[in-house]
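S.K.: Position one of the sequence shown corresponds to residue 1091 (this note's numbering), numbered consecutively onward. Mind looking over this structure? Questions follow.
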Amino acid sequence: MTKKLKTRSSLLLTTSFLATVLSAAFPSISMADVNYADNSGFSITNESESYAPVEVVYSHFIQHVDMWWPKDHTWWKGALRIDEQAGGCFCETTDTASAAHMQVSYVEPNKKVVMTGGLGPLQEMGVTGALTWVFSTIDSSTSSDANKQDGRIPKTKVTLTYHASGNIHFNGQKASNEDAANLVRVVDKVQAQQLNALTAFSDNN
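The structure is reproduced here in structure tokens:
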């Protein structure tokens, strides 16, 4: 009984720590949704809008990832790149270390990019999935009221979905559905921040 209580306490502390570290960048203004979450996987969706044309947002996504991706969401605050081709790498490098955050599996310029793998701590858990970025042009009838400012209408919507499968665990102990859902809520918040960083960068550059 003592061991089980200790393990659950460790899970909760780990989730709380991840929430503090991963969400430190800035508050999100994206629309987020956890579609489902348990200890065998999850699905989350985030949307954000930009005033920039879709070609500009997509170009910033590929060519300037090192400028908009929050450095707090990297391993070493290293240099980032996205190779715009199937089999390419979403990679981080420093003078002494390197990491493949995800692998690019599908590229349709200005429309859709799919990456596969596990982001952040999910990678070492063996949890993997498909991270899909969809870029679409929107008009005034489909734009959100929250982003209608100074008479401007958002020009681009970016939808980010992450469908992941695998046993969510901490320190080798499989998480309960409740603890897994708590972690997924953190992942959802972090991805909302990452997506919002892209659209905010596109608005200002």
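Yeah, the Cβ is synthetic: ideal placement off N, Cα and C, and Gly gets one too. Please read these numbers as outputs of a predicted model, since none were measured by experiment.
Once you ignore the five residues that flank Val1274 on each side, which residues in its own chain have a CB closer than 7 Å to its CB?
M.R.: To locate residue 1274, count along the sequence shown from 1; it is residue 184. Excluding positions up to five away in sequence, the list reads Val1124, Ala1127, Phe1132 and Ile1134.
S.K.: Beta-carbon within less than 8 Å of Leu1221's beta-carbon, same chain only, minus the 5 sequence neighbours each way: which residues are those?
M.R.: On the sequence shown, residue 1221 is found 131 positions in, with the first residue counted as 1. Correct list, in chain order: Met1192, Val1204, Met1205, Thr1206, Gly1207, Leu1209, Leu1250, Thr1251 and Tyr1252.
S.K.: Can the beta-carbon of Glu1182 be found closer than 8 Å to that of Thr1164?
M.R.: For the purposes of this step, residue 1182 is identified with residue 92 of the sequence shown, where counting begins at 1. For the purposes of this step, residue 1164 is identified with residue 74 of the sequence shown, where counting begins at 1. Yes, Cβ-Cβ distance for Glu1182 and Thr1164 is below 8 Å.
S.K.: Nearest to Val1144 by alpha carbon, out of Thr1246, Val1217 and His1150?
M.R.: Here the question's residue 1144 lines up with position 54 in the sequence shown. Ranking Thr1246, Val1217 and His1150 by Cα distance to Val1144 puts Thr1246 first.
S.K.: For Phe1225 versus Val1194, is the C-beta distance shorter than 8 Å?
M.R.: Within the sequence shown, numbered from 1, the residue matching residue 1225 stands at position 135. Within the sequence shown, numbered from 1, the residue matching residue 1194 stands at position 104. Result no, Cβ atoms of Phe1225 and Val1194 do not sit closer than 8 Å.
S.K.: What are the partner residues of His1253, as DSSP defines its beta bridges?
M.R.: One-based indexing of the sequence shown puts residue 1253 at position 163. According to DSSP, which records beta bridges pairwise, His1253 is partnered with Ser1133 and Ala1220.
S.K.: State the CB to CB distance for the pair Cys1179 and Asp1185, rounded to an integer number of angstroms; the pair is presumed to be in contact (CB under 8 Å).
M.R.: Here residue 1179 is taken as the residue at index 89 of the sequence shown, counted from 1. Here residue 1185 is taken as the residue at index 95 of the sequence shown, counted from 1. The Cβ separation is near 18 Å, so there is no contact.
S.K.: Run the CB neighbour count on Ser1140, radius 10 Å, all protein chains shown included, and call it buried at 16 or more, exposed below.
M.R.: Locating residue 1140 in the sequence shown gives position 50, counting from the first residue. So Ser1140 counts as buried.
S.K.: Do you know whose CA, among Ala1282, Ile1258 and Tyr1196, lies nearest Ala1176's CA?
M.R.: Along the sequence shown, one-based indexing puts residue 1176 at 86. With distances taken between Cα atoms, Ala1176 lies closest to Tyr1196.
S.K.: State the Cα-Cα distance for the pair Gly1219 and Asp1229, rounded to the nearest angstrom.
M.R.: Start at 1 with the first residue of the sequence shown, and residue 1219 comes out as number 129. Start at 1 with the first residue of the sequence shown, and residue 1229 comes out as number 139. Using only the alpha carbons, I get a separation of about 31 Å.
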